[in-house]
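Novice: From first to last, the protein sequence lines stand for chains A and B. The first sequence begins at 28 in the working numbering and counts up by one. The second sequence begins at 299 in the working numbering and counts up by one. Glycine residues also receive a C-beta, built at the ideal position from the N, C-alpha and C atoms.
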Amino acid sequence: MKLTTKEGMQSEIFVPVTPKPVFTELKKPLSECKVAFITAGGIHKKSQKPFNTSGDFSYRTIEFDTPSSELMVTHGGFDNSDINKDVNAMFPIDRLHELLKEGFIGSLPKETYTFMGGGGNVEKFRNETGPEIARKLKEQGVDVVLCTGGCGTCHRSATIVTRCCEEAGMSCCVIAALPPIARQQGAPRITAPHVPIGSNAGEPNNIPQQTAIVKESLEWVRDCPSFNATKVLPYEYRHNV
Amino acid sequence: MSITAETAKEHAKDPAVLCCRAEEGTVIQAANLEDPAIFDDLVDSGLLNLDGALTIEQVLGAKLTKTCDSLCPLTADVLEGIKEIEIPAPVKEEPKEEAPAIEELQAVVAPAVQNVPGGVLKIHIGEGKDIDIELPTGLGGGGAVVPALAPAKAEAAPTGIQEAEKPAEEKVVRSLTRKHYKITEVKRGPETKIEGTTLYIREGIEQECIDSQKLVLDLKIDVITPEQYHTYSETIMDVQPIACKEGESEVGSGVTRVLDGVIMMVTGTDANGVQIGEFGSSEGYLDENIMWSRPGAPEKGEIFIKTQVTVKEGTNMERPGPLAAHTATDHITQEIREVMKELDDSLVTDTETFDQVRRPGKKKVVIVKEIMGQGAMHDNLVLPVEPVGVLGAKPNVDLGNVPICVSPLEVLDGCIHALTCIGPASKEMSRHYWREPLVLEVLHDPDVDLCGVIFVGSPQINAEKFYVSKRVGMMVEMMDVDGAFVTTEGFGNNHIDFASHHEQIGMRGIPVVGMSFCAVQGALVVGNKYMTNMVDNNKSESGIENEVLACNTLCPEDAIRALAMLKNVMLGEDVAAAEKKWNPNVKSTNVELISNVTGKPVELVKNEQSLPMSQKRKEKYD
Chain A
28 MKLTTKEGMQ SEIFVPVTPK PVFTELKKPL SECKVAFITA GGIHKKSQKP
78 FNTSGDFSYR TIEFDTPSSE LMVTHGGFDN SDINKDVNAM FPIDRLHELL
128 KEGFIGSLPK ETYTFMGGGG NVEKFRNETG PEIARKLKEQ GVDVVLCTGG
178 CGTCHRSATI VTRCCEEAGM SCCVIAALPP IARQQGAPRI TAPHVPIGSN
228 AGEPNNIPQQ TAIVKESLEW VRDCPSFNAT KVLPYEYRHN V
Chain B
299 MSITAETAKE HAKDPAVLCC RAEEGTVIQA ANLEDPAIFD DLVDSGLLNL
349 DGALTIEQVL GAKLTKTCDS LCPLTADVLE GIKEIEIPAP VKEEPKEEAP
399 AIEELQAVVA PAVQNVPGGV LKIHIGEGKD IDIELPTGLG GGGAVVPALA
449 PAKAEAAPTG IQEAEKPAEE KVVRSLTRKH YKITEVKRGP ETKIEGTTLY
499 IREGIEQECI DSQKLVLDLK IDVITPEQYH TYSETIMDVQ PIACKEGESE
549 VGSGVTRVLD GVIMMVTGTD ANGVQIGEFG SSEGYLDENI MWSRPGAPEK
599 GEIFIKTQVT VKEGTNMERP GPLAAHTATD HITQEIREVM KELDDSLVTD
649 TETFDQVRRP GKKKVVIVKE IMGQGAMHDN LVLPVEPVGV LGAKPNVDLG
699 NVPICVSPLE VLDGCIHALT CIGPASKEMS RHYWREPLVL EVLHDPDVDL
749 CGVIFVGSPQ INAEKFYVSK RVGMMVEMMD VDGAFVTTEG FGNNHIDFAS
799 HHEQIGMRGI PVVGMSFCAV QGALVVGNKY MTNMVDNNKS ESGIENEVLA
849 CNTLCPEDAI RALAMLKNVM LGEDVAAAEK KWNPNVKSTN VELISNVTGK
899 PVELVKNEQS LPMSQKRKEK YD
């Protein structure tokens, strides 16, 4: 028998390319900026409806004065143990209040928005959820948006929503545990601490590390020279699962 | 962004578009051109119209006769000095009887050169297409000049003539025999035993299972017969064959005993009732949530020994929780295995033998299977002592997710105990490996030489993904293969390493075919230029993770396409680029092309539409 070929076959899976650049330069000092933090990592208030872990494009509204003890995670894409220990590992709300007190940032908006980006419907996030979150943040006068993903498809959803915010005129940065996804999906700016998915904003209960990651990501929003540039942050945390 | 000369070369046949404004008189260079990679999006959004655009190779060196703005496609009316691109002259084909001996050859051969009287150099390239070329040597019958034809693929193969003289012999490296024992009834009784075709499970074994694991708070056993398929169940974490090794045999060789007509099924929640599942879960009526007969799923008619395990609250998404549920269930399976070891041969209803055959001289291929290793349920136990057991196995996460070589027979003999649950529809259950379609398809194809299977874990940390992927590259390089498959279960972050495996293999000049569920919901999050030959494992109607057990896993129809695609690439036959969005017709066309050549229809499996509609599917998906 002879090794034969079958003419005319076609590859069945599309391989993505980076979409067109979006970039809004930050024009005021961080200490005067209103800073929002969004996340695709499935964080919500314990009193709210949990996300559907197999894919969900809805979002939850979190008032910035919500105590971190009232927040929890519903996300299927990674080991939840770090967030169960400390929600700031994904959504560093306590660190933001400290930075505000310190005067590092100017203010926080009244509320922010969280979603579960795992398995996320790209079209819905790009055309509905993303623009809606961007509009609501913009209406509150937000200047800077930081965002964490969670799992792989979360990073995609996180990047899509972040791009919507950038397009709406805010300066944004994705804090990525999986920087190749954020880069390929076209995040405006990326910081990359050496962390596992599930603790994208730093080791649970390691306040200095979480603070440094948030601070340096904000500085990258200020200093990043051009679209899609990545800054590797010198913080490493290994999760012993 | 402008492109480099190298990119221009890669995209020589793609449309030429200015990246920035260029003045009249500019001589077009690569730096004036936009990257063709972004054109699709621009065309889609109406920002770019490529009608009449010349190709990059045509415009390089041409002079602009008019000042043009950025993103202006370069057409003939704004340029002078366009390069005429010659169409290669058709190659003259010789009548076939010229070189009959060589035409019989199966492998790609190095050019065989013959000097014949009349000053004609004859070159035969047996690249599967049998092209004979005649060129005047111009050297008066003296030394012939062989054109620098150096197909990289030919290097590994022996020259055609040698092979014709000495056909390579198949070699059986090792064999595995499965003895089947039929079970028609499962009952509870005072001791675990098998009598005829009835399996008894000891009453009260549940408490031992619970006591064996700190994190297991409760464990119930339900025996589900076909009449009871419409029973509610918690999410299905795994489906396992009940099998043991005979005598001194080890996993992957010798004799394995397996029960037919019955499987183990692990299900469970945490103490708060949260399903032990990650990307969705398959709880609900069993008959509405199982895609029957998938390699990893139960067959209709089988009896399920179903455990419902309750683990400590909050541990459902932490690694020890699911592991405890699996280990507690294996306490029951192990007791059945002990009984099976004592069974009399008179009860054997069927025997099948798998030979691991090596075929020297044939195209050598390797299968790289990416398995999950991100903690939580994303773990696998590798190489237990008993098929799909727990004892003796090493958790993939603890092994650092580094690539591990196994024989195809170890795969088929339960060397993976699958703790993963990336999403019920794309998870490869333990039973999947027991019936792995790609391994079976490639192992049984007389035209290729399957040298082995590499399992590589998908770590949680980005840097570690590349760490393990580079090891895959080195390992495949050392194997001197002609082609490789890369498969993965799940979708999302594991696609980073999946993509990187393609790169590591592809950059070494080795043809590679990738297999994954992607379609709509699992669309790739990253990619690279080596991912050009891909097979989508999707079966669902709308291209989604529909939470139906094993719906979108690798099936024989996918293995057939992947093998055909790899043969194409190894022999230099083009595989067309994928469409921008998932289109199920691409798969149908590929299937049709294959059956046209082989004359055999490719049987396609059913999808979730063949199942009774569940409330969940109705509300969430269909």
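1. Can you list the residues of chain B that A:Arg271 reaches, using a CB-CB cut of under 7 Å?
2. In whole angstroms, what separates the C-alpha of B:Ala921 from that of B:Val607?
3. So, is B:Val564 buried or exposed, given that buried needs 16 or more other C-beta atoms within 10 angstroms?
4. Report back the beta-carbon spacing between A:Val188 and A:Ile160 to the nearest angstrom; my notes put them in contact at under 8 Å.
5. Below 7 Å between beta carbons: does that hold for B:Ser473 and B:Thr649?
6. Looking at chain B, is there any beta carbon in it that lies within less than 7 Å of the beta carbon of A:Met302?
7. If you measure between the beta carbons of A:Cys299 and B:Asn791, is that distance less than 7 Å?
8. Name the one or two DSSP bridge partners that B:Cys713 has.
9. Answer yes or no: does any C-beta atom of chain B fall closer than 7 Å to that of A:Val171?
10. At a CB-CB cut-off below 8 Å, which residues of chain B make contact with A:Gly145?
11. Indicate the three-state DSSP secondary structure (helix, strand or coil) for B:Arg806 in the structure shown.
12. Just how far apart, CA to CA, sit B:Met911 and B:Asn905?
13. I want to verify the contact list: residues of chain A whose CB lies under 9 Å from the CB of B:Val953, in sequence order.
14. Which bits of chain A does B:Val884 rub up against, with CB to CB less than 7 Å?
15. Keeping to the same chain, check which residues put their C-beta closer than 7 Å to that of B:Asp312; ignore five residues upstream and five downstream.
16. Decide if the stretch 363-372 of chain B is in contact with the stretch 308-326 of chain B; the criterion is three or more beta carbon pairs, one per stretch, under 8 Å apart.
17. Considering only C-alpha positions, which residue in the set B:Gly359, B:Glu332 and B:Asp367 is nearest to B:Glu321?
18. My guess is that B:Val666 and B:Val746 are in contact by the Cβ rule of under 8 Å, so how many angstroms apart are they, rounded?
19. Determine which residues of the stretch 212-226 of chain A have a Cβ less than 9 Å from any Cβ of chain B, and write them out in chain order.
20. When you check each C-beta in the stretch 640-669 of chain B against every C-beta of chain A, which residues fall closer than 7 Å?
21. Using a Cβ-Cβ cut-off of less than 8 Å, give me the residues of the stretch 75-101 of chain A that come near chain B, in sequence order.
22. Could you name the residues of the stretch 695-728 of chain B whose beta carbon sits closer than 8 Å to any beta carbon of chain A, in the order they occur along the chain?
23. How long is the line joining the alpha carbons of A:Glu52 and A:Leu123, rounded to whole angstroms?
24. Could you name each continuous alpha helix (DSSP H) segment of 4 residues or more that falls completely within the stretch 471-519 of chain B, going from the start of the chain to the end?
25. Listing by chain order, which chain A residues have their CB less than 7 Å from the CB of B:Cys816?
26. I want to know whether the stretch 590-598 of chain B touches the stretch 679-687 of chain B - three or more CB-CB distances under 8 Å.
27. Using the beta-carbon count (16 or more within 10 Å), is B:Val704 buried or exposed?
28. Tell me where the alpha helix (DSSP H) around B:Ile858 begins and ends.
29. Within its chain, find whatever has a CB closer than 6 Å to the CB of B:Leu557; leave out the 5 residues flanking it on each side and keep chain order.
30. By Cβ distance below 6 Å, which residues in the same chain neighbour B:Thr365 in space, the five residues on each side in sequence not counted?
31. Which residues mark the beginning and the end of the alpha helix (DSSP H) in which B:Phe771 is found?
32. Output needed for B:Trp732: all residues of its chain with C-beta closer than 6 Å, excluding positions within five of it in sequence on either side, in chain order.
33. For B:Asn866, does the count of other Cβ atoms within 10 angstroms reach 16, so buried, or fall short, so exposed?
34. Using a Cβ cut-off of 7 Å (strictly closer), state whether B:Ile858 contacts chain A.
35. As an exercise, report each continuous beta strand (DSSP E) stretch of at least 3 residues that is fully enclosed by the stretch 598-661 of chain B, in chain order.
36. For A:Arg122, which three-state DSSP category applies?
Specialist: Working from what's here:
1. Look at the range of chain A in this structure, 28 to 268, and you will see that residue 271 of chain A is not part of it.
2. With chain B running from 299 to 920 in the structure shown, residue 921 of chain B is simply not present.
3. Translated into positions along the second sequence, residue 564 of chain B becomes position 266. When all chains shown are included, B:Val564 counts as buried.
4. Here residue 188 of chain A refers to the residue found at position 161 when the first sequence is read from its first residue. Here residue 160 of chain A refers to the residue found at position 133 when the first sequence is read from its first residue. About 6 Å separates the beta carbon of A:Val188 from that of A:Ile160, a gap short enough to meet the 8 Å contact definition.
5. Here residue 473 of chain B is taken as the residue at index 175 of the second sequence, counted from 1. Here residue 649 of chain B is taken as the residue at index 351 of the second sequence, counted from 1. The Cβ atoms of B:Ser473 and B:Thr649 do not sit closer than 7 Å to each other.
6. What is shown of chain A runs 28 to 268, which leaves residue 302 of chain A out entirely.
7. Missing from the structure shown is residue 299 of chain A; chain A here goes from 28 to 268 and no further.
8. By one-based count along the second sequence, residue 713 of chain B stands at place 415. None; B:Cys713 has no bridge partner.
9. Residue mapping note: residue 171 of chain A aligns to position 144 of the first sequence, counting from 1. Between A:Val171 and chain B, the shortest Cβ-Cβ separation is not below 7 Å.
10. Counting from 1 along the first sequence, the entry for residue 145 of chain A is found at position 118. Listed along chain B, the residues sitting closer than 8 Å to A:Gly145 by beta-carbon distance are Phe577 and Gly790.
11. Locating residue 806 of chain B in the second sequence gives position 508, counting from the first residue. Taken through DSSP and simplified to helix, strand or coil, B:Arg806 comes out as coil.
12. Taking the first residue of the second sequence as 1, we reach residue 911 of chain B at position 613. Taking the first residue of the second sequence as 1, we reach residue 905 of chain B at position 607. Those two C-alpha atoms are separated by around 12 Å.
13. As displayed, chain B neither begins before 299 nor continues past 920, which places residue 953 of chain B out of reach and without an answer.
14. As a first step, residue 884 of chain B is located in the second sequence; it is residue number 586 there, counting from the start. Ordered by position in chain A, the residues that pass the 7 Å Cβ test against B:Val884 are Gln37 and Glu39.
15. To locate residue 312 of chain B, count along the second sequence from 1; it is residue 14. Closer than 7 Å at Cβ, skipping near neighbours: Pro334, Thr353 and Ile354.
16. Yes: the two stretches touch, three or more of their Cβ pairs being nearer than 8 Å.
17. As a first step, residue 321 of chain B is located in the second sequence; it is residue number 23 there, counting from the start. For B:Glu321, the nearest C-alpha among the options comes from B:Asp367.
18. Taking the first residue of the second sequence as 1, we reach residue 666 of chain B at position 368. Taking the first residue of the second sequence as 1, we reach residue 746 of chain B at position 448. Their Cβ separation, rounded to whole angstroms, is 15 Å, which puts B:Val666 and B:Val746 out of contact at 8 Å.
19. Those would be Gln212, Ala219, His221, Val222, Pro223, Ile224 and Gly225, in chain order.
20. Against chain A - using a Cβ distance shorter than 7 Å - the residues of the stretch 640-669 of chain B are Lys661.
21. Taking a C-beta cut-off of 8 Å against chain B, the contacting residues of the stretch 75-101 of chain A are Asn79, Thr80, Ser81 and Gly82, listed in chain order.
22. Contact annotation: in the stretch 695-728 of chain B, residues whose CB is within less than 8 Å of a CB in chain A are Val695 and Gly721.
23. Here residue 52 of chain A refers to the residue found at position 25 of the first sequence. Here residue 123 of chain A refers to the residue found at position 96 of the first sequence. When rounded, the distance between both Cα atoms is 22 Å.
24. 503-510, all fully within the stretch 471-519 of chain B.
25. As a working mapping, residue 816 of chain B is identified with position 518 in the second sequence. Ile40, listed in chain order.
26. With a cut-off of 8 Å on Cβ pairs, the stretch 590-598 of chain B is not in contact with the stretch 679-687 of chain B, counting fewer than three such pairs.
27. One-based indexing of the second sequence puts residue 704 of chain B at position 406. The residue in question, B:Val704, is buried, as its Cβ has 16 or more Cβ neighbours within 10 Å.
28. Residue numbering aside, residue 858 of chain B sits at position 560 when the second sequence is read from its first letter. Residues Pro854 to Met868.
29. Position 259 of the second sequence, counting from 1, holds the residue named residue 557 of chain B. Cβ contact annotation for B:Leu557 (same chain, cutoff 6 Å, sequence separation greater than five): Tyr479, Ile481 and Ile540, in chain order.
30. Reading the second sequence from its first residue, position 67 is the one you call residue 365 of chain B. Cβ-Cβ distances below 6 Å link B:Thr365 to Glu321 and Glu322 in the same chain, with the five nearest sequence neighbours on each side left out; the list follows chain order.
31. As a first step, residue 771 of chain B must be located in the second sequence, where it is residue number 473. According to the sequence displayed, residue 771 of chain B carries Gly and not Phe. DSSP places B:Gly771 in the uninterrupted alpha helix (DSSP H) bounded by Asn760 to Met776.
32. Here the question's residue 732 of chain B lines up with position 434 in the second sequence. The beta carbon of B:Trp732 sits closer than 6 Å to those of Pro539 and Gly712, all from its chain and outside the five residues before and after it, given in chain order.
33. Within the second sequence, numbered from 1, the residue matching residue 866 of chain B stands at position 568. With 16 or more neighbouring CB atoms inside 10 Å of its own CB, B:Asn866 falls in the buried class.
34. Position 560 of the second sequence, counted from the first residue, corresponds to residue 858 of chain B. So, not an interface residue.
35. Fully contained in the stretch 598-661 of chain B are the following beta strand (DSSP E) runs of length 3 or more, in chain order: 601-609 and 646-656.
36. The residue you call residue 122 of chain A lines up with position 95 of the first sequence. DSSP places A:Arg122 in helix when its eight states are reduced to three.
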